[in-house]
Amino acid sequence: MISKIVFTCSILLSCCQQTTFAQDNERDWLMTEIEKIIRFDTEISFKTVPGFIIGVIDEDSTYIFPFGHKMPSKKSGSIGENDIFEIGSISKLYTTSIIRMLVQEKKLSYSQHINEFLPEEYQNPRLNHINIHSLIHHQSGLPLRPYMFGAKEQDSQNPYLYYTRTDLLEFFRDYIPEKEGFVYSHTNYALLELIIEKVTGQNFDDVFQRYLKQPLQLKNTFIDFPEQKENYISPGYDKAVNLTKPWLYSSFRASEGVKTSITDALKYLNFILRDDQVNMIRDSVVMDEEFPLENSFNQHLTIENGWHILQVKNHKIAIHTGRTSGHSCFMGMVKSSKTAVVIFSNSWVGTGDLGLQILRMINQNWKM
61 MISKIVFTCS ILLSCCQQTT FAQDNERDWL MTEIEKIIRF DTEISFKTVP GFIIGVIDED
121 STYIFPFGHK MPSKKSGSIG ENDIFEIGSI SKLYTTSIIR MLVQEKKLSY SQHINEFLPE
181 EYQNPRLNHI NIHSLIHHQS GLPLRPYMFG AKEQDSQNPY LYYTRTDLLE FFRDYIPEKE
241 GFVYSHTNYA LLELIIEKVT GQNFDDVFQR YLKQPLQLKN TFIDFPEQKE NYISPGYDKA
301 VNLTKPWLYS SFRASEGVKT SITDALKYLN FILRDDQVNM IRDSVVMDEE FPLENSFNQH
361 LTIENGWHIL QVKNHKIAIH TGRTSGHSCF MGMVKSSKTA VVIFSNSWVG TGDLGLQILR
421 MINQNWKM
């Protein structure tokens, strides 16, 4: 009996060792290929980008690769997997996830119009056509930021700190439509934040914790700084490699305000890739004829639930980028192959198209 137990344990140990060996080989191969891409196919300079960290999902395996350093000084050490970055406009993806859950709970409908959720004194009859779907997909015609947004700015490194909810509501009330079709708009998501708070009766930070942070155990992800401790954030640098300040918000949290680590970002992407019931790309609720595919920045891109979609052969590539004064980020995935790439950079300059190149590489140059 004892000999059988020993034999079984030895087989299990051997299998574990083989799995670990295979994973190590895969990691080494990925590291080598990524280094080649950085060296030969990008113009990344560690003089302007002190460091960045890459997360890769390839089916059941997850890998993290740090490059460079936390600060311009080489003595500062490399970026860690739990270091927290501002992800800027990638925050919009998290917001669309929350919206989808509220739709599932029948607290919202994509066809509901924004005026339904605003106080009567701020409703705008000229904008009765704007619904939640058009806000998510940047089809409202509203500008990137509200007009006269800069007049409220008192700190060039904190563009959203002094622009209040009341300022946003007054802009909406007085706005006269100028454009139709796609206009990429932070304003859309600032308004979605107000809608989310209205239907839940909670502030956006609490809603974020309830629907995403707690269920996914995103320990290093948040909206508002705990007790205003801005040093929670990994140092970030501008184009001249000057240290920047983290952004604080009086509005626009749902558009720009998420802070997270590479580990938590990979958890979020795994949540999307693994759960067939949570298909963020072209959700069945949105596949009604009432909501056709929407154009994005050019004829090669569409936009679906906040993601910008590039169709290459049989691959539907979902991508988004984000940037603040001192951080630049990329998030991309191919749901059909269960692959994803995240890059967080501690510089406004960022890493160019590195994320898309890595995503192409792990999908065999789109030949599959």
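Sequential numbering of the sequence shown, starting at 61, is according to this note's numbering.
Each residue gets a CB set at the ideal place from its N, CA and C atoms; glycine is no exception.
Here the structure is a predicted model, which means the values were calculated and not measured.
| Item | Value |
| --- | --- |
| Rounded to the nearest angstrom, how far is the Cβ of Ile117 from that of Asn330, given a contact under 8 Å? | 6 Å |
| For a test of the three-state rule: what should DSSP assign to Val409, helix, strand or coil? | coil |
| Less than 7 Å between the CB of Glu119 and some heavy atom of the ligand SAH, yes or no? | In the structure on display, the ligand SAH does not appear, and there are no ligands present to speak of. |
| In terms of residues, what are the limits of the alpha helix (DSSP H) holding Phe431? | Look at the range of the chain in this structure, 61 to 428, and you will see that residue 431 is not part of it. |
| Give me the Cα-Cα distance between His198 and Ser311, rounded to the nearest whole angstrom. | 18 Å |
| My assumption, with CB atoms under 8 Å, is that Leu195 sits in contact with Asn248. Please give the rounded CB distance. | 4 Å |
| Could you tell me whether the Cβ atoms of Ser321 and Glu141 are closer together than 8 Å? | yes |
| Whole angstroms is fine: what's the gap from Lys134's alpha carbon to Ser105's? | 14 Å |
| Would you check if the region 237-257 and the region 153-172 touch, i.e. whether three or more CB-CB distances between them fall below 8 Å? | yes |
| Specify the secondary structure class of Gly128 as computed by DSSP and reduced to three states. | strand |
| Could you tell me the distance, in whole angstroms, from the CA atom of Ile113 to the CA atom of Val402? | 8 Å |
| What residue from Gly366, Phe242, Thr156 has the CA that sits closest to Ile377's CA? | Gly366 |
| Name the two residues that bound the continuous beta strand (DSSP E) containing Lys166. | Premise fails: Lys166 is in no beta strand (DSSP E) and is neither H nor E. |
| Which residue wins for smallest C-alpha separation from Gly410, given the options Glu103, Leu153, His246? | Glu103 |
| So, helix, strand or coil for Trp367, using DSSP? | strand |
| According to DSSP, is Gly386 helix, strand or coil? | coil |
| Report the partner residues of Glu181 according to the DSSP bridge assignment. | Glu181 is not bridged to any residue. |
| Determine the DSSP secondary structure at Gly317, reduced to helix, strand or coil. | coil |
| Rounded to the nearest angstrom, what separates Asn355 and Arg270 at their Cα positions? | 32 Å |
| Please confirm whether Leu252 and Thr155 have their CB atoms less than 8 Å apart. | yes |
| Could you tell me if Pro286 is buried or exposed, where buried requires 16 or more neighbouring beta carbons within 10 angstroms of its beta carbon? | exposed |
| Going by DSSP in three states, Asn284 sits in which element: helix, strand or coil? | Note that residue 284 is Asp in the sequence shown, not Asn. Here Asp284 sits in coil by DSSP. |
| What whole-angstrom Cβ distance do Gly382 and Ile124 have, given they're in contact under 8 Å? | 19 Å between Cβ atoms; not a contact. |
| Give the straight-line distance between the Cα atoms of Asp266 and Asp120, rounded to the nearest whole angstrom. | 31 Å |
| When you compare the CB positions of Asp284 and Trp408, do they come within less than 8 Å of one another, or not? | no |
| Would you mind sorting Trp307 into buried or exposed? The rule is 16 or more other CB atoms within 10 Å of its CB. | buried |
| Opposite Asn374 in the DSSP bridges: which residues? | In DSSP, Asn374 forms no bridge with anything. |
| For Lys273, which residues from the same chain have a beta carbon less than 8 Å from its beta carbon, with the 5 sequence-adjacent residues on both sides left out? | Thr281, Phe282 |
| If you draw a straight line from the C-alpha of Tyr182 to the C-alpha of His375, how long is it? | 43 Å |
| Assign Gly415 to buried or exposed, taking buried as 16 or more other Cβ atoms, counted over all protein chains shown, within 10 Å of its Cβ. | buried |
| Mapping DSSP to helix, strand and coil, what is Ser157? | helix |
| Buried or exposed for Asp234, please, with buried defined as at least 16 other CB atoms from any protein chain shown within 10 angstroms of its CB. | exposed |
| May I have the straight-line CA-CA distance separating Asn188 from Asn175, to the nearest angstrom? | 7 Å |
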